[in-house]
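Have a look at the structure below, then the notes.
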């Protein structure tokens, strides 16, 4: 809920703020670099709880003001995985999210736009027992396939800088399957993981 409110607040301020800026580049392709910060809220496996922490990352895109484009994403966060049971355990879950998205963008006004994003990539999880010096008993790192679907909104402030907000559902297949087996948890096979992030886009014509 906190992630959704953050994204909604961004939209309320970003679109009016865009009226102070300039228009996006014409119909030519341009590069765009977007550092971002946000949250990743994974769907929890049965028998465990996951605490969301800040997400840091960025996107590099090659796109047009309207129409199709592409971008690559990479992000990092450290989650807390708490496994219930007779002897509860806590893990630091280092998480990397990455992939390539296809975009379709349409204009809301000359200075604001919205993009539909659909992409594919991976998620790498590295569990470490919290506070443990000996990591030999930790589950191994694992990488899972993920398909991302979501929206992005931009509001241009200057000819080369825009505010941007993103929301994605990362559908992860066999999420933490190996870790679930090691910790005797139930593997759900397919899970939804919500990402909400905001940042500044730098347009390079």
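Residue numbers (our numbering): 877 to 1081.
Every residue, glycine too, gets a C-beta built ideally from N, C-alpha and C.
Nearest-angstrom Cα separation, counted from residue 1078 out to residue 954: As a working mapping, residue 954 is identified with position 78 in the chain shown. As a working mapping, residue 1078 is identified with position 202 in the chain shown. If you take the alpha carbons of residue 954 and residue 1078, they lie about 27 Å apart.
Neighbour-count burial assignment, residue 983, 16 or more Cβ in a 10 Å radius: On the chain shown, position 107 is the one that residue 983 refers to. Classification of residue 983: exposed, given that the 10 Å Cβ count is below 16.
Any beta strand (DSSP E) of 3 or more consecutive residues that is wholly inside the region 920-967: 924-927, 930-939, 943-959
Own chain, CB closer than 8 Å to residue 996, minus 5 neighbours either side, in chain order: Translated into positions along the chain shown, residue 996 becomes position 120. Cβ within range, chain order: 975, 976, 1021, 1022, 1023, 1024.
Local Cβ density within 10 Å of residue 1094, reported as buried at 16 or more and exposed below that: Residue 1094 falls outside the range modelled here, since the chain spans only 877 to 1081, and no answer is possible.
Residue range of the unbroken beta strand (DSSP E) whose run includes residue 1041: In the chain shown, counting from the first residue as 1, residue 1041 sits at position 165. Note, residue 1041: beta strand (DSSP E), 1037-1049.
Which listed residue (1001, 937, 973, 940) has its alpha carbon closest to that of residue 967: Indexing the chain shown from 1 puts residue 967 at position 91. Closest by alpha carbon: 1001.
Where residue 1065 falls: helix, strand or coil (DSSP): Here residue 1065 refers to the residue found at position 189 when the chain shown is read from its first residue. Here residue 1065 sits in coil by DSSP.
Residue range of the beta strand (DSSP E) that includes residue 1033: Position 157 of the chain shown, counting from 1, holds the residue named residue 1033. Per DSSP, residue 1033 belongs to the beta strand (DSSP E) from 1018-1034.
Beta-bridge partners of residue 1078, as assigned by DSSP: Position 202 of the chain shown, counted from the start, is the residue given in the question as residue 1078. Answer is 909, 1037.
Reduced DSSP category for residue 904 - H, G, I as helix; E, B as strand; rest coil: Translated into the one-based positions of the chain shown, residue 904 becomes position 28. It is coil, neither helix nor strand.
Environment of residue 1073 [buried if 16+ CB atoms lie within 10 Å]: Walking along the chain shown from the start, residue 1073 turns up at place 197. Residue 1073 is buried by the Cβ-count criterion.
Three-way DSSP call (helix, strand, coil) for residue 1072 in this model: If you number the chain shown from 1, residue 1072 lands on position 196. Three-state DSSP puts residue 1072 in a strand.
Close Cβ partners of residue 1040 (< 6 Å) along its chain, the five nearest in sequence each way excluded: The count along the chain shown starts at 1 and reaches residue 1040 at position 164. Same-chain partners within the cutoff: 910, 1030, 1075, 1077.
beta-carbon residue 952 near the ligand COA non-hydrogen atom, thresh 7 Å: As presented, the structure is devoid of all ligands, the ligand COA included, so that no description of it is given.
8 Å contact criterion, which residue 969 and residue 957 should meet: CB distance rounded: Indexing the chain shown from 1 puts residue 969 at position 93. Indexing the chain shown from 1 puts residue 957 at position 81. Confirmed, Cβ separation roughly 5 Å.
Integer-rounded CB distance, given that residue 1065 should sit under 8 Å from residue 1050: For the purposes of this step, residue 1050 is taken as residue 174 along the chain shown, with counting starting at 1. For the purposes of this step, residue 1065 is taken as residue 189 along the chain shown, with counting starting at 1. Going by Cβ atoms, the distance from residue 1050 to residue 1065 rounds to 6 Å, so yes, they are a contact pair.
Assigned secondary structure, residue 1003 (DSSP; H/G/I helix, E/B strand, else coil): In the chain shown, counting from the first residue as 1, residue 1003 sits at position 127. DSSP places residue 1003 in strand when its eight states are reduced to three.
Residue 1052, DSSP secondary structure in three states: Taking the first residue of the chain shown as position 1, residue 1052 is located at position 176. Residue state, collapsed to three classes: coil.
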